[in-house]
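Heads up, the thing below is written out as structure tokens.
Number of protein chains: 2
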Amino acid sequence: MNAEIISVGSELLLGQIVNTNATFISQKLAIIGVNVFYQTTVGDNSKRLTEALRQARSRSDLVILTGGLGPTKDDLTKESVADLIGKPLVYHQESLHYIENYFKKRNKPMSENNRKQALVIEDSQVLANHFGMAPGMIASFEDCQFILLPGPPKEMKPMFLNELLPYLINQIGGIESITSRVLRFFGIGESQLETDLLDLIESQTNPTIAPLANEGEVTLRLTVKHSNIEEQNRLLDETEALIMDRVGEYMYGYDDTSLMEQLFLQLNEKRCTIATAESLTGGKFSGLLTSFSGASSVFRGGVVSYATDVKESVLGVSKDVIDRHGVISSECAIEMAASAKEKLNSDIAISFTGVAGPGTQENKEPGTVFIGIAGLSAEPMYCQLNLAGGREAVRDRAIKYGCFYLLNQLKRWNKAE
Amino acid sequence: MNAEIISVGSELLLGQIVNTNATFISQKLAIIGVNVFYQTTVGDNSKRLTEALRQARSRSDLVILTGGLGPTKDDLTKESVADLIGKPLVYHQESLHYIENYFKKRNKPMSENNRKQALVIEDSQVLANHFGMAPGMIASFEDCQFILLPGPPKEMKPMFLNELLPYLINQIGGIESITSRVLRFFGIGESQLETDLLDLIESQTNPTIAPLANEGEVTLRLTVKHSNIEEQNRLLDETEALIMDRVGEYMYGYDDTSLMEQLFLQLNEKRCTIATAESLTGGKFSGLLTSFSGASSVFRGGVVSYATDVKESVLGVSKDVIDRHGVISSECAIEMAASAKEKLNSDIAISFTGVAGPGTQENKEPGTVFIGIAGLSAEPMYCQLNLAGGREAVRDRAIKYGCFYLLNQLKRWNKAE
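Protein chains in written order, with my numbering: chain A, 26 to 442; chain B, 26 to 442.
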């Protein structure tokens, strides 16, 4: 099955947004063994869209379109496909009810062009949109299937994964036997990792090993081909073991698991509750931790002690420590964590204080960071970092180091019963 | 001048990297008034690349190619273009010296395929690559110009800006005076906005008005063409005034300014300090507010009162309120904000409580959100929302509503001196 992706939207041709949809779809199709031979982007222009559709039909079995399903007059995708394959647009009652309910629930007036979103190509298979109003469609014409998906990634991605992918896998009679496993590393650079594994990377062909650096993390993608799933897993396990022998201390998780998610999972597994005291990071650490459903079973709460006097008044850090060592200090980080643990009655606590920049603070350079941890050992713990990068990079890296530090310490920790 | 961008590389069709090159080039061409009508991506495949080149030549004046200029056998771009326009490849001495020197300087052996990178299309204009080894080219054929640029953004971007852009501006006889102004709206849907402005959108040609919805916000891009900058601004101001007359209450800022940045700017301008009490949002609001350098002049700190007992113990919400109304209530939101204002000694405070989902809480549906505000009026203020979407969407939208709500209230607020 040869596929082609057509992205519709003048905002793409004006460079106002990056086309991450084409990347996402290509990636997923590659995994199930469908070849993508072209990605095309056209604007909200009926003539050029129709020309692109005609061409795609002539050379591809599967044409996936994103965008142009919105309520406004410049949304032309379903109209153009319907014209090309000679079918009318008809109201899809289920989608219409969904849209009407959406407005009713919110007590908002529904405009006529919202109704337009419930129009679908006659005889097409409708793909439900659980995150927006435009339904997707599968419309067949002779040997070619046109798949119409909404443009906003928040709507397109779940529709692709939950509605379309099972359909496609069924169409091609099961997944071809290529599997990837991603190993995630932190605290080691890409070139160091590559140097440590060079002979493996160069000699291994099944699975192949591909390193990739991104946002201070490095991943290794192991890709294996084999018709037998058990054999696939055996080959992946074997290679993973070789890698772990050399750089296992830096490995923290698999596939798409972020450091924060891994921490969340580990806190859950250990039934360990946590509290936070954030200055440098201003609540971003707890904001990320609470993005996971079920966070309330491990996260007690936190104090964002941004102003210095708030560290004393709300958190209870002693004036003496601040006067003697300043707020950008290991002593302050340790007291912040200890106070958070006590005030919020948690098993452990983590604190962040430091200089995000751009200016210095207490004569310390931007990137100076102290992370304190309470509750994981009898002795108070902290780490000091000197991080590179701008304000947001420093804050984000501090958070990642905090997660990694906690993960390593948690391994040895067990809840007192 | 009508342009088309062809991105070459199988890694794009496999979804291994995002095509930021096409976005970058489109953006820059839009600024100088060159229309991009198509973006096409093809793999490292001679037949399909040639087909794409043929088609581009037939419909575009300017064909910009990125990628496929590397040293390996699957790099085919210049070979394919040379074939199409019937020119041989010849060594470019300057590039050859540059490459030889590169290896000499680093004491590395130079391989034969590195020499291949110095081959250029005969009679083409060579674009120097100061960040890599593959030179770019401008090759003309009849009415069409082919521009060949390297694929790595680190090489492509400086070559585009420093070598190609001056050439293109010269070609089109100076920059056409096109300017955009983006108006940002919140609290109104795209279709409602369009309905309210339909006659303007349809009748206005200079500036044009283009709506775009993204993450719960809507923007209107006004694009004006005029040789005189003052006249440009006059035309933009005139259209903006017409728009503001109708939907001004939803407009909060310009261009790339986020709601949170606008709030930060307004707090600064009013010298108003703020504190937070976050349950639903878990610190994400303060995490975003502290992303701006200078946040300490307006942000005092916050309490992330995630567990119910923390709302009482650390924040000081009364047990009675929680027992009688629950934590998902306007009463709790109001007390959270009032307590944060008092505990953290700020001018104003904002609180977030609600159900992020996926499950219900206190028998309330996911998306039920209460935002409390203290300090902006004698009476306590709150708003109740029923937000759609998954867990993170609910949290993000709650934060945006909170910003928008504060922004509107702050307009009427002045610091007591």
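All C-beta atoms, glycine included, are put in the ideal place defined by N, C-alpha and C. On a predicted model such as this, the values are computed, not experimentally measured, just so you know.
Reduced DSSP secondary structure (H/G/I, E/B, other) of residue i
i	result
valine 43(A)	coil
cysteine 297(B)	coil
threonine 220(A)	helix
arginine 131(A)	coil
leucine 87(B)	strand
asparagine 70(A)	coil
phenylalanine 49(B)	helix
asparagine 258(A)	helix
alanine 266(A)	helix
phenylalanine 310(A)	helix
valine 59(A)	coil
glutamate 390(A)	coil
leucine 305(B)	coil
glutamate 36(A)	helix
threonine 75(A)	helix
phenylalanine 317(B)	coil
Assigned exposure category for residue i - 16 Cβ within 10 Å defines buried
i	result
aspartate 372(A)	buried
isoleucine 197(A)	exposed
glutamate 387(A)	exposed
leucine 444(A)	The requested residue 444(A) is not part of the displayed model; chain A covers only 26 to 442.
glycine 392(B)	buried
glutamine 170(A)	buried
glutamate 356(A)	buried
alanine 302(A)	buried
alanine 363(B)	buried
glutamine 41(A)	buried
methionine 181(B)	buried
leucine 431(B)	buried
leucine 3(B)	Any answer about residue 3(B) is impossible in this case: the structure gives chain B only from 26 up to 442.
tyrosine 331(B)	buried
leucine 223(A)	exposed
asparagine 154(A)	buried
glutamate 137(B)	exposed
asparagine 411(A)	exposed
lysine 427(B)	The residue asked about is misnamed: residue 427(B) is glycine in this sequence, not lysine. With 16 or more Cβ atoms within 10 Å of its Cβ, glycine 427(B) is classed as buried.
threonine 244(B)	buried
glutamine 64(A)	buried
proline 96(A)	buried
methionine 135(B)	exposed
serine 120(B)	buried
For residue j and residue i, believed in contact at Cβ under 8 Å, the rounded distance
i	j	result
leucine 288(A)	isoleucine 424(A)	No, leucine 288(A) and isoleucine 424(A) are not in contact; Cβ-Cβ is about 10 Å, not under 8 Å.
leucine 225(B)	isoleucine 268(B)	7 Å
isoleucine 213(B)	lysine 250(B)	28 Å between Cβ atoms; not a contact.
phenylalanine 377(B)	tyrosine 277(B)	Not really, about 19 Å apart at Cβ, beyond 8 Å.
valine 328(B)	threonine 298(B)	With a Cβ gap of about 15 Å, valine 328(B) and threonine 298(B) do not count as contacting.
valine 335(A)	leucine 369(B)	6 Å
Same chain only: Cβ atoms within 7 Å of residue i, ignoring 5 sequence neighbours per side
i	result
tyrosine 116(A)	Ala143 and Leu144
alanine 381(A)	Leu305, Pro391, Arg416, Val419 and Arg420
isoleucine 146(A)	Lys103, Val106, Ala107, Lys112, Leu114, Met162 and Ala164
valine 346(B)	Glu356, Cys357 and Glu360
glycine 157(B)	Pro175, Pro177 and Glu180
proline 232(A)	Leu247, Thr248, Val249, Leu260, Leu261 and Thr264
methionine 26(B)	Val59, Asp86, Leu87 and Ile197
lysine 141(A)	Pro96
Cut-off 6 Å between Cβ atoms - residues of its own chain near residue i, not counting five sequence neighbours on either side
i	result
isoleucine 359(A)	Gly397, Pro405 and Tyr407
alanine 235(A)	Arg246
lysine 133(B)	none
arginine 271(A)	Asp221
Chain-order list of residues whose beta-carbon lies under 8 Å from that of residue i (same chain, five-residue window excluded)
i	result
threonine 48(B)	none
threonine 20(A)	Given that chain A is displayed from residue 26 to residue 442, the structure contains no residue 20(A) and the question cannot be resolved.
lysine 295(B)	Leu435, Trp438, Asn439 and Lys440
aspartate 69(A)	Val33, Gly34, Ser35, Gly93, Asp99, Asp100 and Leu101
asparagine 293(A)	Gly319, Ser322 and Val323
glutamate 337(B)	Ser343, Lys344 and Ile347
Segments of 4+ residues assigned as alpha helix (DSSP H) that fall wholly inside the stretch 133-164 of chain B: 137-140
query: Which residue spans inside the stretch 400-437 of chain A form an unbroken alpha helix (DSSP H) run of at least 4?
result: 416-435
- prompt: Mind pulling the alpha helix (DSSP H) runs of 4 or more residues that sit fully within the stretch 173-248 of chain B?
  reply: 178-183, 190-196 and 215-228
Alpha helix (DSSP H) segments (min. 4 residues) lying fully within the stretch 341-386 of chain B: 344-350 and 355-368
field: Contiguous alpha helix (DSSP H) assignments of at least 4 residues, all confined to the stretch 88-129 of chain B
entry: 102-110
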